[in-house]
Amino acid sequence: MADDDRADGSLAPADADWTVTVVDTASDWDAVVDLRMRVFVDEQGVPEELELDDHDDDPLDSAVDHLLVRDADGRAVAVARLRAVDGAAYGASADRVAKVERVVVARDRRGEGWGARVMRAVEARARERNLSEAVLHAQTQAAGFYERLGYAVDDAVGVFEEDGIDHVRMRRSL
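Taking full-length UniProt numbering, the leading residue of the sequence shown gets 1, the next gets one more, and so forth.
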């Protein structure tokens with residue numbers, strides 16, 4: 001177990017160096033949007049109108065969880081979105097699966113473990129919601145990162161384009 005994993009699977013960090021929050025305030029939502037815009041729109045060239053979608057219309061909607069990771073200084077360093085979706089639509093045997101989306105780490109904090117932290121937090125939240133499988137659309141350049149976290153490429157789908165960027169569908173049991 002890594003030093004920032006919790007044996008009980010909770011969202012609480014194992015140390016005081018970071019926090020993770022399921023977004024429930026306007027200020028936290030602003031931090032999520034800011035980080036997503038910096039990465040997807042400014043760095044990767046995704047059109048702004050594609051970055052925020054109908055799952056972001058009500059950021060406090062209980063059907064969608066936006067997770068925000070902050071470092072010890074309170075700076076937003078990673079975010080992710082979690083939705084429970086129809087498992088059959090993603091080739092899963094479960095009725096509902098966790099769809100992990102919009103995973104972002106601040107450019108100057110990459111390579112420090114923040115991506116793994118936000119993914120563990122998303123998976124813990126999915127388990128709290130009684131979801132036993134996670135699926136995601138990974139940018140092809142990030143597939144190795146997700147493989148190191150236990151995700152496998154869904155070979156039945158192959159490479160596809162999403163918002164002008166090549167992706168692969170990946171999954172793992174929770």
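We treat Cβ as the ideally placed atom computed from N, Cα and C, and that holds for glycine. A quick note: this is a predicted structure, and the numbers were derived from the prediction, not measured.
Assignment of Arg-38 by DSSP, reduced to helix, strand and coil, places it in the helix class. For Thr-21 and Val-69, the gap between their C-alpha atoms comes out near 7 Å. Within its own chain, the residues whose Cβ lies closer than 8 Å to the Cβ of Gly-115, once the five positions on either side in sequence are excluded, are Ala-78, Val-103, Val-105, Phe-145, listed in chain order. Three or more Cβ pairs closer than 8 Å define a contact, and the stretch 87-95 falls short of that threshold against the stretch 108-123. The beta carbon of Phe-160 sits closer than 7 Å to those of His-167, all from its chain and outside the five residues before and after it, given in chain order. For the set Asp-17, Val-32, Trp-18, the Cα lying nearest the Cα of Asp-24 is the one of Val-32. Separation of Ala-84 and Val-64 (C-alpha to C-alpha, rounded to the nearest whole angstrom) is 8 Å.
Ala-80: member of the beta strand (DSSP E) spanning 76-86, first to last residue. A Cβ-Cβ contact shorter than 7 Å links Val-122 with Leu-82.
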